[in-house]
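Working notes, beginning with the structure itself.
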Amino acid sequence: MVIGTHHGKFHADEVFAVAILKQFYPDAKVVRSRDDDILSNCDIVVDVGRGKYDHHSTDKVYRENGIPYASAGLIWRDFGHECVDRLGASADANRVVQTVDERLIQAIDAIDNGVDLDRDPRIKGISELIAGFNPPWNSDADENEAFEQAVQFASHILNNTLRSELGRMAAIEIVKAAYDRRDNKEILELDAFCPWSETLFEIDHDASVLYVIFPDKHGQYRIQVVPKALGSFEARKPLPEAWAGREGHELGEIIGVTDAVFCHPARFIAGARSRETILKMAELALRSDV
């Protein structure tokens, strides 16, 4: 397999396009050129050559939301399902592909097409991070080696995004079951930590849940506030102000327990060594006037 793309300064869209293809063809050779004769000998060409996976024309392909495809999005559109299937997860592949497109690929495509997005700046930063792999103008570093390093970096981002979304989907029914069996409608107790925020916001229509408690992987317990909106640090009800920044014995004296561990200064998460104490902390937090 030979993948063709343009030489010169590289951008996130063709880097991610190659990273996606490398999921299936890890040993693929990448040829970087603008010479049509050279590109004609490649098995697939991205971001150059005016072919299926080049978006540099006025006759662009647009998503339903109006964001035009760049090479990353065009490759993800055609190969994303295979990426998901190769992970062997029992999940709705269509939903995973769409979510990854919305959370990762669309911003990359928009930036390369010159479309400004009012969205998560952390995603926009990925394009800037990829651009940083380009050798400086006054460097003798090999451009193709830098491109390969950028592809490896993009592959990690892609795989992490896929695993995260598959993990979230695997937790949906767990969160729903915990929501249905609540003794106190304001406390959601999970048997183990799993991604809960998006599912909770989908089902908790009256915003009744204020705190989520769960055991961590080290045998301790955590209480976490529910934010007013996804991605926000503003809580529906923060933990008590008196707990802020306190740890161990100092925190335990305030609460009246011996196994409190900590409370974050921002009052969005706290910990204890036992389930009994974390439940007590939840009850005290509910009764506090903050």
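Just so you know, we're using the UniProt record's numbering here: the sequence shown kicks off at 1 and counts up by one. For each residue, glycine too, the CB sits at the ideal point set by N, CA and C. This structure is a prediction, so every number in the text was calculated from the model and none was measured.
Buried/exposed call for residue i, threshold 16 Cβ in 10 Å
i, result
"Ala192", "exposed"
"Lys29", "exposed"
"Phe133", "buried"
"Arg229", "According to the sequence shown, residue 229 is Ala rather than Arg. The residue in question, Ala229, is exposed, as its Cβ has fewer than 16 Cβ neighbours within 10 Å."
"Leu239", "buried"
"Leu129", "exposed"
"Asp35", "exposed"
"Thr58", "exposed"
"Leu200", "buried"
"Tyr62", "exposed"
"Asp37", "exposed"
Proximal residues to residue i (C-beta, below 8 Å), its chain only, five neighbours per side dropped
i, result
"Asp216", "Phe193, Arg222 and Gly271"
"Leu162", "Cys83, Val84, Leu87, Val96 and Val100"
"Glu234", "Pro227 and Lys228"
"Ala141", "Pro135"
"Thr81", "For clarity, residue 81 is His in the given sequence; the question names Thr instead. Only Ala93, Asn94 and Val97 meet the Cβ criterion."
"Asp27", "Met1"
"Asp54", "Val45, Val46, Asp47, Val48 and Ser71"
"Phe262", "Arg246, Glu247, Gly248, Leu251, Ala270 and Gly271"
"Leu284", "Pro240 and Ile255"
"His56", "Asp47, Val48 and Arg50"
Cutoff 6 Å; reference residue i; Cβ partners in own chain excluding five residues on either side
i, result
"Ile174", "Cys194"
"Phe10", "Phe147"
"Gly252", "Thr258 and Ala260"
"Phe79", "Ile20"
"Gly4", "Val31, Leu39, Cys42 and Val45"
"Ser274", "Asp259"
"Val23", "The sequence as given places Gln at residue 23; Val does not occur at that position. Cys83."
"Gly49", "Leu39"
"Ala131", "none"
Whole-number beta carbon distance between residue j and residue i, since they are thought to touch under 8 Å
i, j, result
"Leu190", "Arg182", "With 8 Å as the limit, Leu190 and Arg182 do not qualify as a contact, their Cβ atoms being about 11 Å apart."
"Trp196", "Ala171", "7 Å"
"Ile75", "Ile126", "About 16 Å separates the two Cβ atoms, so there is no contact after all."
"Asp47", "His7", "With a Cβ gap of about 11 Å, Asp47 and His7 do not count as contacting."
"Val212", "Gln224", "5 Å"
"Leu210", "Lys237", "5 Å"
"Ile254", "Ala266", "So it is not a contact: roughly 17 Å between Cβ atoms."
"Glu198", "Arg168", "6 Å"
"Asp109", "Asp13", "6 Å"
Own chain partners of residue i with C-beta closer than 7 Å, once the 5 adjacent residues on each side are dropped
i, result
"Glu165", "Val96, Thr99 and Val100"
"Asn144", "Arg32"
"Ser288", "Pro240"
"Ala207", "Arg236"
"Glu282", "A small correction: the amino acid at residue 282 is Ala; Glu does not occupy that position in the sequence shown. Excluding residues within five positions, the ones whose Cβ falls inside 7 Å are Ile187, Tyr211, Ile213 and Ile223."
"Asn65", "none"
"Tyr25", "Met1"
"Trp137", "none"
"Val290", "Lys237, Pro238, Pro240 and Glu241"
"residue 294", "Lying outside 1 to 290, the shown extent of the chain, residue 294 is not represented and no answer is given."
Short CB-CB distance (under 9 Å) between residue i and chain D
i, result
"Val261", "The question asks about chain D, but that chain is absent: this structure has only one protein chain."
Review point. Does the segment 64–81 touch the segment 96–106, meaning 3 or more C-beta pairs lie closer than 8 Å?
Key: The way I'd put it, the segment 96–106 does touch the segment 64–81; three or more beta-carbon pairs between them come closer than 8 Å.
Check your understanding: Taking only runs of the beta strand (DSSP E) that begin and end inside the segment 207–264, which ones reach a length of at least 3 residues, in chain order?
Key -> 211–215, 221–225 and 260–263
Review point. Are three or more beta carbon pairs between the segment 151–161 and the segment 1–19 nearer than 8 Å?
Key: Between the segment 151–161 and the segment 1–19, the count of C-beta pairs closer than 8 Å reaches three or more; the two stretches touch.
Check your understanding: Taking only runs of the alpha helix (DSSP H) that begin and end inside the segment 85–139, which ones reach a length of at least 4 residues, in chain order?
Key -> 93–100, 106–112 and 121–131
**Study point:** Residue ranges of each alpha helix (DSSP H) within the segment 38–93, 4 or longer
**Key:** Here the runs fully enclosed are 71–86.
**Study point:** Start-end ranges of the beta strand (DSSP E) lying completely within the segment 140–173, minimum 3 residues
**Key:** none
Check your understanding: What are the complete alpha helix (DSSP H) segments, minimum 4 residues, inside the segment 261–288?
Key -> DSSP runs (the alpha helix (DSSP H)) wholly in the segment 261–288: 275–287.
Exercise for review: Run through the segment 181–209 for me and flag every whole beta strand (DSSP E) of 3 or more residues, listed as ranges in chain order.
Suggested key: Taken in chain order, the whole beta strand (DSSP E) runs of length 3 or more contained in the segment 181–209 are 187–189.
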